[in-house]
Every structure is written in C-alpha cells, then in structure tokens.
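Remarks on the structure that follows.
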Amino acid sequence: MVKVSDIVRHESGVLGQVFRVDKQYYGARQAYKVSHVERGKCIRPNMVDMIAPTRDGIQDRLLVLWEFSDWEYVKSSEIEVLK
0 MVKVSDIVRH
10 ESGVLGQVFR
20 VDKQYYGARQ
30 AYKVSHVERG
40 KCIRPNMVDM
50 IAPTRDGIQD
60 RLLVLWEFSD
70 WEYVKSSEIE
80 VLK
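Numbering-wise (numbering that gives the first Met the number 0), the sequence shown opens with residue 0 and increments by one.
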C-alpha cells in the first residue's frame, strides 16, 4: 500500500517521492473474453463466451517527484516502496 510521502523506486532504478495517490484509477477487475480462438480466425463480439478476471486488476495512479526534479504519473505496479 503506497501512501503520500513514501520514497519509491521505479522499474528503471530512479528514486522519487509520492505526492498524490489516486485510488483505483487504472484497469478493471473483469473483462469479456473469448476462450477458444483458432489462429488466423477473426474475433467477433458475438463470440464472447466468458467473463474472467483481468491480469493486472485495478491499480492506483501515483504522482511522483523523481530525484532529477521531474513530476510524473505512474501506475502503482511500476514502482517499489522503499522502507
């Protein structure tokens, strides 16, 4: 769980500080999916046969001030909280 003022590290190794957390900003919990598709065949909307969980689920959006003095919004899955 990321909080305001946490020190974080991006996937690229850059350090930063969290200044804002927008809860549940990206993603979805479930999606319509087609379970059996042959290679090279067209997928049509009427072929949907299941509702399944998404791979990443719902993620928070974080406003981070990086150590090189640049602001950026990032997904919560892209960072690691340092303690």
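Glycine included, every Cβ here is placed at the ideal spot set by N, Cα and C. Every value quoted in this text rests on a predicted model; they were computed, and no experiment measured them.
Measuring CB atoms only, is the segment 19 to 39 touching the segment 50 to 60, in the sense that at least three cross pairs come out at less than 8 Å?
yes
By Cβ distance below 7 Å, which residues in the same chain neighbour P132 in space, the five residues on each side in sequence not counted?
This structure does not reach residue 132, given that the chain is present from 0 up to 82, and the question cannot be answered.
Own chain partners of S11 with C-beta closer than 6 Å, once the 5 adjacent residues on each side are dropped
none
Going by DSSP, name the residue or residues bridged to M49.
K32
Using DSSP with H/G/I as helix, E/B as strand and the rest coil, what is E37?
coil
Top-ranked residue by Cα proximity to D69, from M49, V13 and Y25:
V13
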